[in-house]
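Note that the sequence shown covers residues 46 to 229 in the working numbering. By construction, the Cβ of each residue, glycine as well, lies at the ideal position given by its N, Cα and C atoms. Following: one structure in structure tokens, then a few remarks.
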Amino acid sequence: MAQAKVWRCQICGDTYLGHSRPSNCPFCGAHTKHIMPSSDYPTNINGVQITDAERADLEYACELEISNLTFYKALGEMGDRNSLIPSAYRALGKVEREHLSIFGKLLKTPVPNEPKEALSLQDGWKANIELSRQHEKVAAEFYHEAAQRATTPRVKTVLTAIAEVEQDHIAIDKYLKSVASKES
């Protein structure tokens, strides 16, 4: 039996224990290219100085993630909690929470909490999945544009990686829409 290894994600910094490098970080969703053996993980990865423009982009990124997190939290509580679709949105909410944490580390500020007010959803899964796709599309486009503007290498890397993850979420929405079509 293969020896278990300790891996670290360069994007969120979280540790993964497993026999092989995962295809995506199980915490923030970053692609495998950002996961390295823990022995190679750089120290003080978030100890960077950011520009005012990067600060503004990261603060807006926090707003996007709070919005997505709040939306996914509501979807995760919709219908039968044991079915695939709400379970998938609870998982997406955890990833969005991790993105919020990453941005907080770069901003060197406490992670804001998601709003407590109730979120009104659309009727039925298909409409809500389409809203989710729209949320993710806005986020992916913003992160891509913000990464292009970024001059600090760490900020550029994080925003690029999270833009890729948001694109993955769009693909997940497409899959969930097909599941919802079969269930209706």
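Residues of its chain near K50, where Cβ-Cβ distance is below 7 Å and the 5 sequence neighbours each way are ignored: Same-chain partners within the cutoff: G63, H64, P82.
Distance between A225 and M123 (C-alpha atoms, nearest Å): Spanning the two alpha carbons is a distance of roughly 13 Å.
From I90 to V200, what does the alpha carbon distance come to, in whole angstroms? Distance between the alpha carbons of I90 and V200: 11 Å.
Can you grab the Cα-Cα spacing for the pair R194 / E186, in whole Å? Those two C-alpha atoms are separated by around 13 Å.
Sufficient close CB pairs (3 or more, under 8 Å) joining the segment 205–223 to the segment 127–138: The segment 127–138 and the segment 205–223 touch, with three or more beta-carbon pairs separated by less than 8 Å.
P131 - containing alpha helix (DSSP H), residue span: Residues 129–152.
Should N158 go down as buried or exposed, given a rule of 16 or more other Cβ atoms within 10 Å for buried? Taking all protein chains in view, the Cβ of N158 is surrounded by fewer than 16 other Cβ atoms within 10 Å, so the residue is classified as exposed.
Cβ-Cβ separation, L145 to C107 (assumed contact under 8 Å), whole Å: 6 Å between Cβ atoms; contact.
Would you say C54 and I80 are within 8 Å of each other, going by their C-beta atoms? Yes, these two residues count as a Cβ contact at 8 Å.
For I95, report the span of its beta strand (DSSP E) as first-last. No beta strand (DSSP E) holds I95; DSSP gives it neither H nor E.
Limits of the unbroken beta strand (DSSP E) element including Y61: Y61 -> beta strand (DSSP E) spans 60–63.
Short Cβ contact (8 Å threshold) for T202 with T96: Here T202 is not near T96, since their CB atoms are 8 Å or more apart.
Distance CB(T174)-CB(C73) smaller than 8 Å: Looking at the sequence shown, residue 174 is not Thr but Ile. For I174 and C73, no; Cβs fall outside 8 Å.
Pull the bridge partners of R53 from the DSSP assignment, please. In DSSP, R53 forms a bridge with T60, M81.
For N158, which three-state DSSP category applies? Under the three-state reduction of DSSP, N158 is assigned to coil, being neither helix nor strand.
Return the CA-CA distance between E190 and N113, expressed in angstroms with no decimal places. The alpha-carbon of E190 is positioned some 18 Å away from that of N113.
Within 10 Å of its beta-carbon, does Y105 have 16 or more other beta-carbons around it, so buried, or fewer, so exposed? Exposed.
Using a 10 Å radius around the Cβ and a threshold of 16 neighbouring Cβ atoms, would you call S121 buried or exposed? Note on residue identity: the sequence assigns Gly, not Ser, to residue 121. When all chains shown are included, G121 counts as buried.
Rounded to whole angstroms, how far is the Cβ of L221 from the Cβ of A133, which I believe are closer than 8 Å? With 8 Å as the limit, L221 and A133 qualify as a contact, their Cβ atoms being about 6 Å apart.
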